[in-house]
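Undergrad: Let me give you the structure first, and then I'll get to my questions.
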Amino acid sequence: ITHSTLISACEKGGQWEKALALFGELQRRGLKPNIITYSALISACEKGGQWEKAVALFGELQRRGLKPNIITYSALISACEKGGQWEKALTLFGELQ
């Protein structure tokens, strides 16, 4: 939970690169990120205009068997929208239906 909180703090401060660094540290320590961690990281990427990284993280969390929630989808849809990826945003929205 501490890493998720730190990543969320980075997101709120617009520090997406620092959030990614913390995420890497979490994984190097052998800790497994949960959906809260991924959602905070996707949101940090959204705030930093990094829609491609957000999409990559979304794919990663699914490969790990985690189930995205409404917060995850909202952050990713927003990242795609800000990146001009409206078709991807609509596809993701359709997955929520």
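Under the working numbering, the first residue of the sequence shown is numbered 114, with each subsequent residue one higher.
Here a beta-carbon is modelled for each residue, glycine too, at the ideal position from N, C-alpha and C.
Source: prediction; values computed, not measured.
1. Taking its Cβ as the centre, do 16 or more other Cβ atoms sit within 10 Å of Q163, making it buried, or is it exposed?
2. For V168, which option in I120, T204 and L135 has the closest C-alpha, if you only look at C-alpha atoms?
3. What are the boundary residues of the alpha helix (DSSP H) that K125 is part of?
4. Check this for me: beta carbons of E124 and A134, under 8 Å apart or not?
5. Evaluate L209 with the Cβ neighbour count: other Cβ atoms within 10 Å of its Cβ, from every protein chain shown; 16 or more gives buried, anything less gives exposed.
6. Would you identify the three-state DSSP class for G172, choosing helix, strand or coil?
7. Relative to the C-alpha of K166, which residue among L189, E138 and E200 is closest?
8. Looking at the unbroken alpha helix (DSSP H) that takes in Q140, where does it start and where does it end?
9. Label T115 either buried or exposed according to how many other C-beta atoms from any shown protein chain fall within 10 Å of its C-beta, with 16 as the threshold for buried.
10. Just the C-alpha distance for C158 and R142, rounded to the nearest angstrom, thanks.
TA: In this structure, then:
1. buried
2. T204
3. T115 to K125
4. no
5. exposed
6. helix
7. L189
8. W129 to R141
9. exposed
10. 22 Å
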